[in-house]
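First the structure, in the form of structure tokens, and then the observations on it.
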Amino acid sequence: MALLHILTNMPPTFGEICLQILDQMVAKKHFLFSTDSYHPQSIKAQERERRGKSEKIIVDGPSTRKPGDFKQFLANDDNKKQFCQLLFRVWSDQRAASRLEKTDMAVLIVEGRAHKLSSSNGKVEAHEIHTIYSNQEETDTRVVLYLHHAAAIGYKDAVVRTPDTDIFVILLYHAHEIKLNVYLDTGSGKHRRLINVTEFAESLGKNYCAALLGYYVWSGEDCTSAFKGKGKVGPLKKLQKKPKFQEAFARLDDEWSIHHEVDESLEQFACVMYGHSRELSVNTVCGKMLCKMVGEDEKLTAKSKVDLARLPPCCAALQPHNKRVNHRVALYKRAHIAIVEKPKPYDEGQGWMRNAKDLLESIWSSKPILPASLIDLLAAIDPKDKETEDEEDMEVDEVDFDAMFESDEEL
279 MALLHILTNM PPTFGEICLQ ILDQMVAKKH FLFSTDSYHP QSIKAQERER RGKSEKIIVD
339 GPSTRKPGDF KQFLANDDNK KQFCQLLFRV WSDQRAASRL EKTDMAVLIV EGRAHKLSSS
399 NGKVEAHEIH TIYSNQEETD TRVVLYLHHA AAIGYKDAVV RTPDTDIFVI LLYHAHEIKL
459 NVYLDTGSGK HRRLINVTEF AESLGKNYCA ALLGYYVWSG EDCTSAFKGK GKVGPLKKLQ
519 KKPKFQEAFA RLDDEWSIHH EVDESLEQFA CVMYGHSREL SVNTVCGKML CKMVGEDEKL
579 TAKSKVDLAR LPPCCAALQP HNKRVNHRVA LYKRAHIAIV EKPKPYDEGQ GWMRNAKDLL
639 ESIWSSKPIL PASLIDLLAA IDPKDKETED EEDMEVDEVD FDAMFESDEE L
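Each number in my numbering corresponds to the 1-based position in the sequence shown with 278 added.
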């Protein structure tokens, strides 16, 4: 669905938009177009709730006019479901017949169900491909299953087109087992490029690709929090020099519940990330950094220049974060499996809970982070007295993760 957000020069009706997308796809001769599924009480539903929902719009049919803000329309799950269903309806209609005649293989996937579309004598026939039906919610994961299917039916090369970064690290992890050459078509305009994922994965090695996937999720993605001001590039450079921690990140997902020793190693890497490589406990690092902010021989008062956002998360906050990371990595590593048996996100040890509205919510801490007296004291600090953050401590809104993997030779 990410490609829908970068559509330009859209026609006025939903039916014409569906045909515009089809026109882009038939130029490929062989294509598979997949949409996300939308499961209630899923992790992705929680993320979409956080981003905000738009008004539900009834899409009666192809002639329904698109709203003025199409991206805002897509911010509602019900709207996206309607659009995906309409996409299948329009592509299966005789209006799409002449377009589909230009293709040798056309597959549309809606709600996890794959439909092979073919055109003959002005009519379109749709046949479901049962072998690649999947209960996985995201196309980012299901694409691995589709690549295995493509290899099984004789394809030697495949190009994945997406603007998302997530799929890059997922493909790097799985590339060693996919029996075809995988390329990633990413970016747009002058920044659009083609990456040979298979070749790049081989150069990195299987173990490092596994570590990279774990690190990517741990350092922040759609459903896991980032560490304020740290980004991905700086900590990754530290990780590259520490094989011990690479092994820990690679071991994420050995089981649905995170191993205690992996949890400890990730805590130690957090200490490294915050500049205290000799420490094992983030609580100790928090204490040292707080003392430095206040002053070695000074007492903490309401006038102290303290910025809690510059501190690492304490152990009580880091542990549930690590559990959420393990759950997400487990899903990504099972991307090649059509029907995944998995625990509920709110089950014990997964890092989420159900709130009073029966919605998923992250467990931010397993116990109080600070004593009540300290919280009251910090609340009294005048924000105007805080030091201006330097460049390293500023919030990183978006990191061009793809730029980290530039090779000397571009395809």
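By construction, the Cβ of each residue, glycine as well, lies at the ideal position given by its N, Cα and C atoms.
Being a predicted model, the structure only gives us computed values, none of them experimental.
Cα-Cα separation between Lys516 and Ser535, rounded to whole angstroms: 26 angstroms
With 16 other CB atoms within 10 Å as the buried threshold, where does His693 fall? Since the first residue of the chain shown is 279 and the last is 689, residue 693 is not available in this structure.
* Determine the direct distance from the alpha carbon of Val460 to that of Asn474, and round the result to whole angstroms. => 6 angstroms
Determine whether the beta carbon atoms of Trp369 and Leu395 lie at a separation below 7 angstroms. yes
Compute the Euclidean distance between the alpha carbons of Leu386 and Cys296, then round it to the nearest angstrom. 12 angstroms
Exercise. So, are the CB atoms of Ile410 and Ala429 less than 7 angstroms apart?
Worked result: no
At which residues does the alpha helix (DSSP H) containing Thr419 begin and terminate? 417 to 430
- For the beta strand (DSSP E) containing Leu472, list its first residue and its last residue. 471 to 474
request  = Report the rounded CA-to-CA distance for Glu415 versus Trp642, giving the unit in angstroms.
outcome  = 24 angstroms
Q) If Pro524 sits next to Tyr494, beta carbons under 8 angstroms apart, how far is it from one beta carbon to the other, in whole angstroms? A) The amino acid at residue 524 is misidentified as Pro; the sequence shows Gln. Gln524 to Tyr494, Cβ: 13 angstroms. No contact.
Using only alpha-carbon positions, find the residue among Gly629, His605, Phe311, Arg470 that is nearest to Glu619. His605
Over what stretch of residues does the beta strand (DSSP E) that includes Thr464 continue unbroken? 459 to 464
- Exposure of Thr476, with buried meaning 16 or more beta-carbon neighbours within 10 Å: buried
request  = Kindly list the residues whose CB is nearer than 6 angstroms to the CB of His308, restricted to its own chain and excluding five residues on each side of it in sequence; keep chain order.
outcome  = Asp382, Met383
| request: Spell out the partners DSSP gives Arg439 in its beta bridges. | output: Asp463
As assigned by DSSP and simplified to three states, the class of Leu310 = strand
- If you run the structure through DSSP and keep just helix, strand and coil, what is Thr502? strand
ask   = Around the C-beta of Asp686, are 16 or more other C-beta atoms found within 10 angstroms, so that it is buried, or is it exposed?
value = Here the model assigns Asp686 a pLDDT of 38, short of 50, so the residue's position is not dependable, and the following value carries that caveat. The residue in question, Asp686, is exposed, as its Cβ has fewer than 16 Cβ neighbours within 10 Å.
Let me make sure I understand the geometry here. Which of Glu574, Gln597, Gln372 has the alpha-carbon closest to that of Thr502? Gln597
Sequence-distant residues of the same chain with beta carbon closer than 7 angstroms to Lys664, five excluded per side: In this prediction, Lys664 has a pLDDT of 46, which is less than 50 and means its spatial position is unreliable; nothing more can be read from the coordinates.
Quick check: the Cα distance between Cys569 and Asp541, rounded to an integer number of angstroms? 26 angstroms
**Request:** In angstroms with no decimal places, state the Cα-to-Cα distance between Asp314 and His614.
**Result:** 16 angstroms
- By the 10 Å Cβ neighbour count, where 16 or more other Cβ atoms means buried, how is His426 classified, buried or exposed? buried
Q.
Taking 7 angstroms as the limit between beta carbons, can you name the residues of its chain near Ile335, skipping five residues before and five after?
A. Pro345, Phe351, Asn357
Closest to Glu406 by C-alpha separation, out of Val437, Leu310, Lys510, would be which residue?
Leu310
*Mind pulling the beta strand (DSSP E) runs of 3 or more residues that sit fully within the stretch 552 to 632?*
630 to 632
- request: List the DSSP bridge partners of Ile407.
  value: Ala392
**Nearest neighbour of Val603, chosen from Gly432, Tyr552, Ile321, Val304 [CA to CA]** = Ile321
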